[in-house]
Every structure is written in C-alpha cells, then in structure tokens.
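A short write-up of the structure that comes next.
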Amino acid sequence: MGLYAAAHRMGLVTIAAGLDGDYPGLAVADEKCFVNITRPAEVVAAAKSLNIDAVVTSCMDTGVEALGAVNDALGFRGISQEVARSSFDKVLQKRALLDAGVPVADCVISKGEPRDLDEAEVRLGYPLVLKKRHSQSSNGVFVVNDRLQAESVLEREFRDEDEFLIEEYLQGDEFGAQACVVDGDIRFVMLHGDLLFQSHAPIPVGHFCPVNLTEDRAEIARDAAIKAIRASDFDNCAVNMDFKMSGNEVRVMELTGRAGANGLPELVGMNYGIDYYESIIRVALGLPVTFSDSDAPNATLAKMILPDRDGTLSAVSLKPIDPQVFEVQAFRSAGSHVNRYESANDCIGQVSVMGESVEFCEALADRQAASSFLIQ
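Under this note's numbering, the first residue of the sequence shown is numbered 22, with each subsequent residue one higher.
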C-alpha cells in the first residue's frame, strides 16, 4: 500500500498487476491488470500492452522474477530476471555466495539422496535446517533434531523438490539489513534487529534500530552485506538481507532484491528522514535519490499487531497516542473476525515509533496497539 500512496503523492498513475480478488492494492490503484505475477512471460505480455514507465514491488518475493522480466523486455532500470531468479532460488544463491567467499551457514546441497542426509549428519550434526529451494521468509524452512524427524519432514514436505538445502543450525541472534543500490553504488546499509515469533521456524514480526551489536561486529556485518550484494549482482533496487550472529561470526543467511516487509520501509524512512517507498519509485524511474542518517532518532521500531486470541475486532483507531508514534496502519476494519496469530495473514495492523531507546519504543508500540485495536 505504501508504494501506491507514494506514487499518488508524486502525481503518477498506478496500475495494479495481480490476480482478481480481495487485495488492498486493487482498491487504491488507478487501473488494474489481472495477471498471474508468478508467470513472467504473462506479465511481460501484459506490460507490453500498457504505456508504462517503470515497474516496482516491495515486501514480498512473489512477483520479483516477473518484475525482472519486464525490466529486461522493456529496458527499464531495476533488477534483471536472471538476478531475480537467483535471489528467489536458495540453491543458486547459496552457490553464488559460497563462490564469492561470503560468510554463510555451512550446508549440503541435496538432490534428495539418502547419502546427502548421511553427509549432513556427519559433517554438520543435529539439529539441521531443511530449506526448500523456492520459499519466502520462514515458509519451507524446517528445523529437525534427529534422523527420524528429518526423514519424516523430507517425506512430507520435500518429495517434489529437485534440490534443496540441508544447513547447519546456527545458534545466535538473528538480525537483518536494508540497502539500496543505485547505478552500482550501494547508497546505504542499515542494520536492524528483528522481533521474532516462534513457530516451526522463527517468523519476523517486527524490526528495530539500532541493532544490538558492538561496532566491530556491526562493521563486519556491513562488509559482509556489501560482499553479498556484489556477489548477487543487484543493481537499481532495494535489498533485504538476513544475518545470524553465531558466536563471534557473522553469517549471511539470505538476501533478495526488494525492500523487506513487516515495517522495514517505515524503519528506513524514520532513520533517513524520507519516504522509502518514494525512493524505490524514484530509483526505478531514474530520478535522483538522497539518503542521509545524520538526523536519525536514537531508536526506531516497527512491529506487526498480532491477535492473541480469536474474536471480533470491535474498534479500530489510527489516532497516535504520542508525538513519537510515526504511523499506525490497520489491515482489518472494525467488525472483522480475527484469528489468534499463526501466520502473516493473521496480522491486523502495524505500528511504527521512535524514541530514546529500543525498550521505550517497544513499550510505546504496545501501548499504541492496545489503544488502536480492541478485540472482543
């Protein structure tokens, strides 16, 4: 929704590309183009029939390859189809990062042969992390603690996978980074902490700055981010990255050529004093962009609002309770049925705040959520 709002403020006409359905973007776009964004050729054919100047997305991987295909076909600025495909393919990406010497989790690239699990047991040991080749965020990621559990998950979830990853399980804190590449220049790398919901794999439900790292480790992470971005050939796009701090070592977990989700564009906006959605559009159009964190707040935080029970959303208020509340968004309207949080589809809103410390920000965000959303 942020991209549509920014585009309209810029006086641009927006065309929503996607399947017909109850999707928020369709309600606010100037025009609609019903197309399956998981099929690049179909999207390219549709784009060629329209008088468009750029194509953008954010916060999800689903349409990134199609976006790259349109960029290639119409000569637009932005990620290419080949680079997009690699960033959405965990096997191709792992190979590229390993070849470039980027610090990553050790792994076995498996074709589903029993000997691959044998090798992982001996070389990596349990617990192990099984990752599907094509999956977004924590979907398709499974932590297994022994052979019996591994074989059960492989039989249930990986029967149709031609290749997948069996990774070492890294103990340590997860964190991330946002970056933006413009004409080969990495304009910024913003490290951030992650707020996680524990499920079969940790699910990010919010983010904050500054990340809890020493300056030495933060510098190592920034250097690893730059190396990974170069290895991935990203250009004229936003970049979303996941890391893990394992002991004294920073490991890159994955990266994609689009802005992160769950409040990350708002987090970038608060720290750089910009509308990051507008910046993403400006990069795609070849317009100048500026990033400066010289006036960044001491701390910033954005988190999703997660229902703690099933019920009815009886009241919704977007009124800030404090001047340091940056933004409140509602994903559901009053009267809607809500489910206790189990996946991203259950989120009912988002709140973004700033303040003197991360602890202050989290408390303020919780108070704002309680004021904005009433469940009965």
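Just so you know, even glycine gets a beta-carbon here, dropped at the ideal spot from N, CA and C.
Q) Under the rule that 16 or more other beta-carbon atoms within 10 Å means buried, what is Phe-179, buried or exposed? A) So Phe-179 ends up on the buried side.
**Q.** Distance, Leu-149 Cα to Arg-168 Cα
**A.** Approximately 10 Å, taken between the alpha carbons.
Q. Is the region 332 to 346 touching the region 245 to 252, taking contact as three or more C-beta pairs under 8 Å?
A. Not touching, per the Cβ criterion.
Q) Helix, strand or coil: which one does DSSP assign to Cys-368? A) In the three-state DSSP reduction, Cys-368 falls in the coil class, being neither helix nor strand.
Q: Report the option in His-155, Asp-314, Ala-239 and Val-129 whose CA atom is closest to the CA atom of Val-143.
A: Closest option to Val-143, Cα to Cα, is Val-129.
(Q) Assess contact between the region 214 to 224 and the region 272 to 280, defined as three or more Cβ pairs (one per stretch) separated by less than 8 Å. Is contact present? (A) Between the region 214 to 224 and the region 272 to 280 there are fewer than three inter-stretch CB-CB distances shorter than 8 Å, so the stretches are not counted as touching.
Q) Got a sec, what are the start and stop residues for the alpha helix (DSSP H) Asp-41 sits in? A) That residue, Asp-41, is in no alpha helix (DSSP H); it is neither H nor E in DSSP.
(Q) Rounded to the nearest angstrom, what separates Met-211 and Asn-233 at their Cα positions? (A) Straight-line measurement puts the Cα of Asn-233 at about 13 Å from the Cα of Met-211.
Q | Contact set for Asp-51: own chain, Cβ-Cβ below 6 Å, skip 5 residues either direction | A | Only Val-34 and Thr-35 meet the Cβ criterion.
Q) Any idea what DSSP makes of Gln-219, helix, strand or coil? A) Of the three classes helix, strand and coil, the one that applies to Gln-219 here is coil, per DSSP.
Q: Determine, using beta-carbon pairs with one atom in the region 299 to 318 and one in the region 362 to 370, whether at least three such pairs fall under 8 Å.
A: Judged by Cβ distances under 8 Å, the region 299 to 318 makes no contact with the region 362 to 370, as fewer than three pairs qualify.
Q: Compare the beta carbon distance of Gly-197 and Asp-215 with 9 Å and say whether it is the shorter of the two.
A: Less than 9 Å separates the beta-carbon of Gly-197 from that of Asp-215.
Q: Find the nearest neighbour of Asn-269 within the set Ala-28, Gln-199, Gln-389 and Gly-193, judged by alpha-carbon distance.
A: The residue from Ala-28, Gln-199, Gln-389 and Gly-193 with its alpha-carbon nearest to that of Asn-269 is Gly-193.
Q.
Tell me which residues share the same chain as Met-291 and place their Cβ nearer than 6 Å to its Cβ, disregarding the 5 neighbours each side in the sequence.
A. Counting only Cβ-Cβ distances below 6 Å, and skipping sequence neighbours, we find Thr-321, Phe-347 and Met-375.
Q | Straight-line gap, Asp-331 to Val-310 (C-alpha atoms, nearest Å) | A | Approximately 44 Å between the Cα atoms of the pair.
**Q.** Span of the beta strand (DSSP E) around Arg-272
**A.** Counting along the chain, Arg-272 sits inside the beta strand (DSSP E) bounded by residues 270 to 277.
**Q.** Stretch-stretch touch, CB-based, cutoff 8 Å, three pairs: the region 104 to 112 with the region 70 to 87
**A.** Yes, since at least three Cβ pairs between the region 104 to 112 and the region 70 to 87 fall closer than 8 Å, the two stretches touch.
Q. Ends of the alpha helix (DSSP H) at Asp-237?
A. Segment 236 to 253, the alpha helix (DSSP H) holding Asp-237.
Q: With a cut-off of 8 Å on the beta carbons, I'd call Asn-261 and Leu-285 a contact; round off their distance for me.
A: Contact flag correct, Cβ pair sits at about 7 Å.
Q: Please report the Cβ distance between Val-359 and Leu-395, rounded to the nearest whole angstrom; I am assuming they are in contact, meaning their Cβ atoms lie under 8 Å.
A: 11 Å between Cβ atoms; not a contact.
Q: Counting only the same chain and skipping the five closest in sequence on each side, list residues whose C-beta sits under 7 Å from that of Asn-57.
A: Answer for Asn-57: Leu-40 and Glu-63, listed in chain order.
(Q) Just to confirm my understanding: we take Ala-351, look at its own chain, exclude 5 residues before and 5 after, and list those with CB closer than 8 Å. What are they? (A) By the criterion of a C-beta distance shorter than 8 Å, Ala-351 is surrounded in its chain by Val-337, Leu-339, Ile-369, Gly-370, Ser-393 and Phe-394, once the five residues flanking it on both sides are discounted.
Q: Measuring alpha carbon to alpha carbon, tell me which of Glu-383, Pro-341, Asn-283 and Gln-397 ends up nearest Pro-328.
A: Answer by Cα proximity: Gln-397.
Q) If you count every other CB in all the chains shown that lies within 10 Å of the CB of Phe-55, and 16 or more means buried, which is it? A) With fewer than 16 other Cβ atoms within 10 Å, it is exposed.
Q) On the premise that Val-226 lies in contact with Met-325, defined as a C-beta separation below 8 Å, what is that separation, rounded to the nearest angstrom? A) Contact flag correct, Cβ pair sits at about 5 Å.
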